[in-house]
Amino acid sequence: MISRRTALSMAAAGTAMLATRRSFAAPLTISPAGLIFTDIDLGKAKVRALVDTGSVRALQITSSVANALGIPRSPTGQLTQRYQGAAQPISQGTLAHASLIDSNLQDVPVFVAPGDIEAIAAQVGTAFDAILGWPLLSRLDVIIDYWDASIRNARLAGAPLAEWRLVEGRPLPVVAGHFNNAPIDFLIDTGAPWCNISLGMIADLAVGGRREFDFDLAGHPYRATFRAKDLSAMTRGIGAQAVIGHRFLADFRIGWSQNAAALLLYAAAPRR
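Okay, here's the thing in structure tokens:
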């Protein structure tokens with residue numbers, strides 16, 4: 000299980016990356032399960048990657064890709080554990096070069112947890128080989144456009160619909176707000192299909208139960224369907240008690256600038 004100290008040290012690994020940027024949009028694939036993917040070039044291999052603001056590792060790849068690229072790795076002594084499933088040991092190496100969205104990245108820290116990505120792929124029904132995490136994504140100027148199915152690395156233009164200021168000192172994008180009239184912290188997670196609420200926050204909602212609720216993020220009111228789930232590991236790790244996932248985020252363009260202090264939400268493009 001990842002502690003907050005471990006998470007912060009892993010997030011810091013992303014600072015070693017250097018990027019040169021151009022201007023174009025890369026296509027997104029939005030899966031039936033509500034996850035978003037884009038292709039990244041790892042030099043000797045081009046792979047499909049999950050775009051996951053809820054991942055604390057800059058770039059995670061499968062063992063098979065790491066072996067094909069010949070990346071030397073060493074044990075970190077750390078474990079990763081999803082909301083469900085067994086803990087997996089993490090090894091770390093460095094990728095000399097990668098092309099992501101519209102950036103050329105050098106000396107990218109990469110992490111491998113055997114079977115972890117494969118298990119997620121089997122669960123969601125979409126094959127992929129990499130996860131782009133917040134330590135990498137937060138160092139780019141990014142707009143994720145669900146409606147145009149694109150992701151672009153560009154300066155944010157125009158006035159946002161809302162600004163969600165991030166809670167300082169967290170390794171992932173956590174926003175303070177209110178749920179059921181109580182203060183609560185939300186993880187903004189593009190890698191989560193559903194919005195989830197920690198068990199016990201709603202007394203009569205059993206695990207897996209779903210209901211629509213009013214809530215606010217950084218003072219902005221919203222309404223969404225939440226699913227009750229055991230989020231205790233996440234709460235211990237980053238202090239959040241709820242997750243804002245795809246079924247809510249898909250109504251927006253969501254963006255941030257390098258070393259983001261806030262997430263910026265834009266109105267969605269009209270449905271075609």
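Numbering that gives the first Met the number 0 applies: residue 0 is where the sequence shown begins, and numbers increase by one. Note that beta-carbon positions come from the ideal geometry of N, C-alpha and C, so glycine has one too. Nothing here was measured: the structure is a model prediction, and the numbers come from that model.
Any idea which residues DSSP pairs residue i with across the strands?
| i | result |
| --- | --- |
| ARG47 | ASP38 |
| SER292 | Residue 292 falls outside the range modelled here, since the chain spans only 0 to 271, and no answer is possible. |
| ASP203 | In the DSSP output, where bridge partners are listed per residue, ASP203 has none listed. |
| ALA163 | In the sequence as displayed, the identity of residue 163 is Trp instead of Ala. Answer by DSSP bridge pairing, in chain order: LEU262. |
| ALA223 | PHE212 |
| SER197 | LYS228 |
| PRO26 | SER149 |
| ASP144 | SER149 and ARG252 |
To the nearest angstrom, report how far apart residue i and residue j are at their CA atoms.
| i | j | result |
| --- | --- | --- |
| ASP184 | ARG169 | 11 angstroms |
| LEU68 | LEU41 | 8 angstroms |
| ASP215 | CYS194 | 13 angstroms |
| ALA95 | ASP106 | 5 angstroms |
| ASP38 | ASP229 | 32 angstroms |
| VAL141 | ALA25 | 11 angstroms |
| GLY157 | SER137 | 20 angstroms |
| ARG3 | LYS43 | At ARG3, the pLDDT of 38 sits below 50, so the modelled position is not reliable; the number obtained from the coordinates is stated separately. When rounded, the distance between both Cα atoms is 34 angstroms. |
| ALA12 | GLN91 | Residue placement at ALA12 is poorly supported in this model, since its pLDDT is 48, which falls under 50; the coordinates still yield a value, given next. Roughly 10 angstroms between the two C-alpha positions. |
| ILE150 | ILE130 | 15 angstroms |
For residue i, which residues in the same chain have their Cβ closer than 7 angstroms to its Cβ, ignoring the five residues on either side in sequence?
| i | result |
| --- | --- |
| ALA260 | ARG164 and LEU165 |
| ARG20 | For ARG20, the predicted model reports a pLDDT of 46, less than 50, meaning its position is unreliable; a value from the coordinates is still stated below. Taken in chain order, the residues that qualify are ASP101, SER102 and ASN152. |
| VAL206 | LEU198, ALA227, LYS228 and ASP229 |
Beta-carbon of residue i versus every beta-carbon of chain B: anything under 8 angstroms?
| i | result |
| --- | --- |
| VAL111 | Although the question refers to chain B, the structure presented lacks it and comprises just one protein chain. |
Who are the near neighbours of residue i in its chain, counting only those whose CB is closer than 8 angstroms to its CB and skipping five residues on each side?
| i | result |
| --- | --- |
| GLU162 | ALA217, ALA261, LEU262, LEU263 and LEU264 |
Excluding the 5 residues flanking residue i on each side, which residues of the same chain have their C-beta closer than 6 angstroms to its C-beta?
| i | result |
| --- | --- |
| GLY208 | ALA227 |
Notebook entry, point to check: How do the region 237-249 and the region 115-127 stand: do at least 3 beta-carbon pairs fall below 8 angstroms, yes or no?
Noted result: Verdict: no, contact absent.
Next item on the list: Ignoring anything shorter than 4 residues or poking outside the region 66-132, list the alpha helix (DSSP H) runs there in chain order.
Entry: The alpha helix (DSSP H) runs lying completely inside the region 66-132 and spanning 4 residues or more are 115-123, given in chain order.
Margin query: For a minimum of 3 consecutive residues, which ranges assigned as the beta strand (DSSP E) are wholly contained in the region 171-195?
Written below: You should have 173-178 and 181-187.
Item checked: Meets three-Cβ-pair contact criterion under 8 angstroms: the region 190-204 and the region 37-55 -> Yes, since at least three Cβ pairs between the region 190-204 and the region 37-55 fall closer than 8 angstroms, the two stretches touch.
Checklist line | the region 32-49 in contact with the region 244-264 per 3-pair CB rule at 8 angstroms | finding: Two segments are said to touch when three or more pairs of C-beta atoms, one from each, lie closer than 8 angstroms; by this definition the region 32-49 touches the region 244-264.
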